[in-house]
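Presented below is the structure to which this report refers.
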Amino acid sequence: MGTSLDAPPHLLPADLPARVVAFAARLRAAHGFLIGPGEVTDALRALGAVDVLRLREVRDALRLVFTASPAQAPVFDAEFDAFFRPRTGPPPPELPPLLPQTEAPPPPPQRVQGEAGEPRPVPGESRAEDSLEAGEVQALQGRTPPRETEGEPDDPADPPRLLQARLSPHAGEGGRVEAGGDDLPELLRAAGALVRAVELGRAQRRVPMSRGTRLDLRRTLRGSAKTAGDPARLRWLGRPRRAPRFLIVLDGSRSMGRNATLLLRFAHALHLRARRVEVYAFSTALTRLTPTLRGAPPGEALHLPDLGDAWGGGTRIGENLLRLARDERARVTRDTIVLILSDGLDTGEPEDLTRALRDLGHRAGLLAWLSPLAATPGYQPVQRAVQAALPHLDAFLPAGGVADLHALARALRGRW
Amino acid sequence: MSDRPEPSPTAPVPAPIDLRTAFRERGYVAGDALVTALRLVVALGKPLLLEGPAGVGKTEAAKTLAGALGARLIRLQCYEGLDAQAALYEWNYARQLLHLRAAEAGGRPVTDAELYGPEFLMRRPLLEAISQPTPPVLLIDEVDRADDAFEAFLLELLAEWQVTVPELGTITATARPHVILTSNRARELSDALRRRCLYLWVDYPSRAQELEIVKARLPGISESLAAQVTRAVHTLRELPLGKPPGVAETLDWAAALVALHRDHLDEGALHVTLGAVLKLREDQALARATLERLARG
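Protein chains in written order, with my numbering: chain X, 1 to 416; chain B, 1 to 297.
Set out below in structure tokens:
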């Protein structure tokens, strides 16, 4: 255990509760963490249950209370280090100060292939051992989403630069993404029609319904009290329709041009119409957009943070879909409709694409590919990626404008 | 929440238990974050939501906690369609009917209170958990498999620690259980449920940790075989597999090799035990080249 883990004297004074409160406020205001007075109280109680002389225990305890998803862990760690890092003692290493004012890093880093057998830092569990263990420099490095730096050069001079590049709002391939447009009502109509067109079958759970398949004995008997014990009115249990879940994968590569933002707005509209919508964007890398869309106010232009390799770069469809298929595997069920929005201009290997689509197709209720290119007259699906994909798709449809999106519901009806 | 009278407080652990050691004695190698989390579950009386890929030991952590605390483990396995009735209580209609018949035959009237007495009540895991004289460990396993309605019902229980049985009235927890919920993220859980819980993401252990786990769970295994298996599993996890092997698979694989009296991982051993670690045919095909390289050394 490194000496840096023992809290320096400045951590202990009576202002620790005040600093925890300020820390909570910072997480709430700057990163949208759902932290209320209850969580702050719990955090202070938690500090009473751990050894506050050990910074790592303090961090673990606060992380347990303040975070609620894996995506929040790297943000929490960065902020924690900025708040509670010792400011006395030897001068800090030559690394730049850690982004106290930057926006939240992108959602959970996807797993990338790294050195075989290399111990992998993980959110929550292993990072606890890694980032604070070896003192200040490692603590600083530990703040980045750990998997993003995997496979990167080990040159000690490199991480700071990488850190800055990844978290700077102006870095990366695409910069900030603006998707404005006054077509929201149109898109909402198209999204609503699509949601209504979906017929996935029935849920497992039985609920009281006016017509059903099974007699609801309990309610029937209870109701019979009004008719002198005679079950005059029968009550029924039935299975409601299953609510669909949409998994939208958006190609944000350069070749998609303006179509990408149209489809992004459509994804947002679908998100407003259906409760369960998961949106990913990819270009050379894959990023989950759902949290951003969830927080976007309807009716205003969409502002997405810098998506780095997930927007405006080249295209590696197969590789990214393979990663998506693996990460989302548990959640892709017969209730899931997978919509891939891409022009199919790919620089990756078709074999990866085939494998990913076969996997997604087996598990999902419907797998459809929407292509802006397919909307052009005389289009032939000759692209390598599209050729590889076609045998595994339930539908391959054009998506060149709002009219095509309107036609989606009709085109997809009856395919599941 | 603070304006309500608290149910009888979580009974503190009689003597401070070193959970890390207690876990290790039971063959569970727990990381720092997990140890802190479990300590807070006991100290704060808050539920803990453990999320992470399948097979990293989430369920096992709850079982081991029960063992370490000497508490009873009550497990609710969630599934699609699970409703409050199945999780809380049911009346034993058959016994009630027999009781009625017997009373009728004896010419004895039967009161409601008698018919809906505790002897006809079948406690399901949740009611059982809040009726214990000492705090049990309540494991709500794979909560992501249950649907939204059940999750909403859980919220009420986790906030109030009481349930209402129409015929019996409100039953308040006699001792607040230590609650651990697990999720494989098959469905996104609501913010409300997350806020009720302490949260910990459990990922695959580092190679060194996993080696420790293998040695702790299979004391008879040779050092070199344990290291080989661990290294192979970590290499496999780097591949884009549909179902990457969890710690459970590592242990299964190591146990299979030990049972076959293998002391090192060669091609033959790989061939006959591959099913213990890769459970999809496609994954096996994908990993074949990597495995052959591993077997060669």
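We put the CB at the ideal spot given by N, CA and C, even for glycine.
- One finds Leu64 in chain X with Cβ atoms closer than 7 Å to the Cβ of Ala37 of chain B, taken in chain order.
- Judged by DSSP secondary structure, Arg288 of chain X falls within the beta strand (DSSP E) whose first and last residues are 286-288.
- With a threshold of 16 other beta carbon atoms within 10 Å, Pro166 of chain B falls short and is exposed.
- Taking a 10 Å sphere around the C-beta of Asn184 of chain B, we find 16 or more other C-beta atoms and assign the residue as buried.
- In the pairwise beta carbon analysis, the region 188-199 of chain B is classified as not touching the region 62-76 of chain B: fewer than three pairs are separated by under 8 Å.
- In this structure, DSSP gives Val338 of chain X an extended state, which the three-state scheme calls strand.
- In this chain, Gly36 of chain X is not harboured by any alpha helix (DSSP H), its DSSP state being neither H nor E.
- Per DSSP, reduced to three states, the secondary structure at Ala368 of chain X is strand.
- For His178 of chain B, the enclosing beta strand (DSSP E) begins and ends at 178-183.
- Those residues of the region 178-197 of chain B placed with their C-beta closer than 7 Å to a C-beta in chain X are Asn184, Arg185, Ala186, Arg187, Asp191, Arg194, Arg195, ordered along the chain.
- Assigned with DSSP and collapsed to three states, Arg124 of chain B falls in coil, not helix or strand.
- Taking C-beta separations shorter than 8 Å and ignoring five residues to either side along the sequence, the partners of Ala49 of chain X in its chain run Ala61, following chain order.
- His271 of chain B and Arg145 of chain B have their alpha carbons spaced roughly 34 Å apart.
- Membership of Thr172 of chain B in any alpha helix (DSSP H) is not indicated; the residue belongs instead to the beta strand (DSSP E) covering 169-172.
- Shown here for Glu292 of chain B: not one same chain residue has a beta carbon closer than 6 Å to its own, the five before and five after excluded.
- Per DSSP, the beta-bridge partners of Arg75 of chain B are B:Leu139.
- Excluding sequence positions up to five before and after Phe266 of chain X, its CB lies within less than 6 Å of the CB of Leu187, Leu405, all in the same chain and listed in chain order.
- Boundaries of the alpha helix (DSSP H) around Pro74 of chain X: 72-84.
- By the CB criterion at 9 Å, Ala82 of chain X and Val65 of chain X fall outside the cutoff.
- Out of X:Ala356, X:Leu373, X:Ala225, the CA that lies nearest to the CA of Leu367 of chain X is found in X:Ala356.
- Within its own chain, the residues whose Cβ lies closer than 6 Å to the Cβ of Thr213 of chain X, once the five positions on either side in sequence are excluded, are Gly238, listed in chain order.
- Collapsing the DSSP output to three states places Glu90 of chain B in a strand.
- The C-alpha of Leu341 of chain X is placed about 5 Å away from the C-alpha of Leu370 of chain X.
- Interface criterion met: the Cβ of Gln204 of chain X is under 9 Å from a Cβ in chain B.
- Taking a Cβ-Cβ threshold of 7 Å, the residues of chain B close to Asp42 of chain X are Leu44, Lys46, in chain order.
- Interface annotation for the region 152-172 of chain B against chain X: empty, criterion Cβ-Cβ distance under 7 Å.
- The criterion of a C-beta distance shorter than 9 Å is not satisfied by Ser253 of chain X and Ser210 of chain X.
- The Cβ-Cβ distance between Leu260 of chain B and Thr273 of chain B falls below 9 Å.
- Under a 10 Å Cβ-count criterion, Asp147 of chain B is classified as buried, with 16 or more other Cβ atoms of the shown protein chains found around its own Cβ.
- Between Gly48 of chain X and chain B, the shortest Cβ-Cβ separation is below 9 Å.
- Distance from Leu408 of chain X to Ala190 of chain X at the Cβ level is roughly 7 Å; contact confirmed, criterion being Cβ atoms closer than 8 Å.
- Across the structure, Gly348 of chain X and His362 of chain X are spaced so that their CA atoms are roughly 22 Å apart.
- A residue is called buried once 16 or more other Cβ atoms fall within 10 Å of its Cβ, and Pro219 of chain B, having fewer, is exposed.
- In the displayed model, Glu51 of chain B falls within a strand according to three-state DSSP.
- Residues of chain X with a Cβ closer than 7 Å to the Cβ of Gly81 of chain B are, in chain order, Gln204, Arg205.
- If you draw a straight line from the Cα of Pro377 of chain X to the Cα of Pro398 of chain X, it is about 10 Å long.
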